[in-house]
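Every position in the sequence shown, counted from 1, becomes a number in my numbering once 24 is added. Glycine included, each C-beta is placed from N, C-alpha and C at the ideal position. To start, the structure under review is shown below, and the notes come after it.
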Amino acid sequence: MQKFEWQFQYSAIFMVWCIGYLDHQELVVFLKQAQSMLLRRRQHYTRHNPPESLIFVLDNVRDASEEIYKAKGQWIRSEQEIEAALKDAGLQTFKKSEPETMPAPYNDVMLWALF
25 MQKFEWQFQY SAIFMVWCIG YLDHQELVVF LKQAQSMLLR RRQHYTRHNP
75 PESLIFVLDN VRDASEEIYK AKGQWIRSEQ EIEAALKDAG LQTFKKSEPE
125 TMPAPYNDVM LWALF
């Protein structure tokens, strides 16, 4: 992902179970690049005028009380750590899911829609 070359503008960018392979700074850089490639027609969004283009991030989350750890080569972040990276990238949350509880030994899953 660090070497991905953007070729188009997109109305949707899906990041599914991949943010854990990037450290915080790499993730922020990638998200900023993704945001710059979104199609935009308006500068201001409201409840009745939502953004036309979104970035979707779906990934595992761990409980904030658990220590950070790496599973199968992927860092498992807490919801707060993910949202810190999203904020550092300048993204705003349009909607987000509640943590979806997964059976042991899997981590919970969350989805963010961002612009």
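Leaving out the 5 sequence neighbours to the left and right, which residues in its chain are closer than 7 Å to residue i when beta-carbon positions are compared?
i, result
"residue 30", "57 and 61"
"residue 118", "74, 75, 78, 137, 138 and 139"
"residue 105", "none"
Determine the DSSP secondary structure at residue i, reduced to helix, strand or coil.
i, result
"residue 27", "coil"
"residue 59", "helix"
"residue 124", "strand"
"residue 34", "strand"
"residue 47", "coil"
"residue 76", "coil"
Leaving aside the five residues before and after residue i along the sequence, list all residues of the same chain whose C-beta is less than 6 Å from its C-beta, in chain order.
i, result
"residue 98", "44 and 45"
"residue 11", "The first residue shown for the chain is 25 and the last is 139, placing residue 11 beyond what the model contains."
"residue 135", "82 and 121"
Would you list the one or two residues that DSSP bridges to residue i?
i, result
"residue 81", "39 and 136"
"residue 95", "98"
"residue 86", "102"
"residue 117", "138"
With a CB to CB cut of under 8 Å and the five nearest residues on each side skipped, what residues in its chain are close to residue i?
i, result
"residue 7", "Given that the chain is displayed from residue 25 to residue 139, the structure contains no residue 7 and the question cannot be resolved."
"residue 123", "85, 103, 132, 133 and 134"
Tell me whether residue i counts as near the ligand MG, meaning its Cβ is closer than 7 Å to at least one heavy atom of that ligand.
i, result
"residue 44", "The ligand MG is not part of the structure shown, which contains no ligands of any sort."
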